[in-house]
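Some notes on the structure that comes next.
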Amino acid sequence: MFDRVRKSWNTWRKKVAGREERLREGERSAHEAPRPAGERRAHNLFEAAATYVAACVEDDQERIDEAAGWVEPSALVFGVNELACRALIALARERDEPPRVVARRLLGLPAA
């Protein structure tokens, strides 16, 4: 599990470093450039987060990279956090337990 997290973190860091390098060289980022006619609509941060997390679970590096490119890294972090919160709340309601207990159990931590 931690191997996937480490792999995703490194992918994200490389994307950010590459984007910063391009911006330093004067290149406009993809979200600033005008889209040609007929190009697909932009993805929102929740679509990106859902695709990113699902791809991480399935260990699909290609989709991880694709989803990470849809939005800014900070927006993706926010979306993943929001998805985790919503999933934890839904699971806690389903199990009729407090979210704190469910979160600790999911992570294999001892009861507090």
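In terms of this note's numbering, the sequence shown opens at residue 1 and continues consecutively. The beta carbon of each residue, even a glycine, is placed where N, CA and C say it ideally should be.
Check	Outcome
Neighbour-count burial assignment, A111, 16 or more Cβ in a 10 Å radius	exposed
Other residues of its chain near F46: CB distance less than 8 angstroms, five sequence neighbours each side excluded	G79, E82 and L83
Pairwise C-alpha distance: G69 and P98	35 angstroms
Cα-Cα separation between V101 and E94, rounded to whole angstroms	13 angstroms
Run of the alpha helix (DSSP H) containing D96, from where it starts to where it stops	Looking at the DSSP string, D96 is not in any alpha helix (DSSP H), and its letter there is neither H nor E.
Backbone CA spacing between S74 and A49 [nearest angstrom]	11 angstroms
Neighbourhood of N44 by C-beta, 8 angstroms cutoff - its chain only, sequence neighbours within 5 removed	V71
Bounding residues of the alpha helix (DSSP H) (the contiguous stretch that carries V57)	L45 to E58
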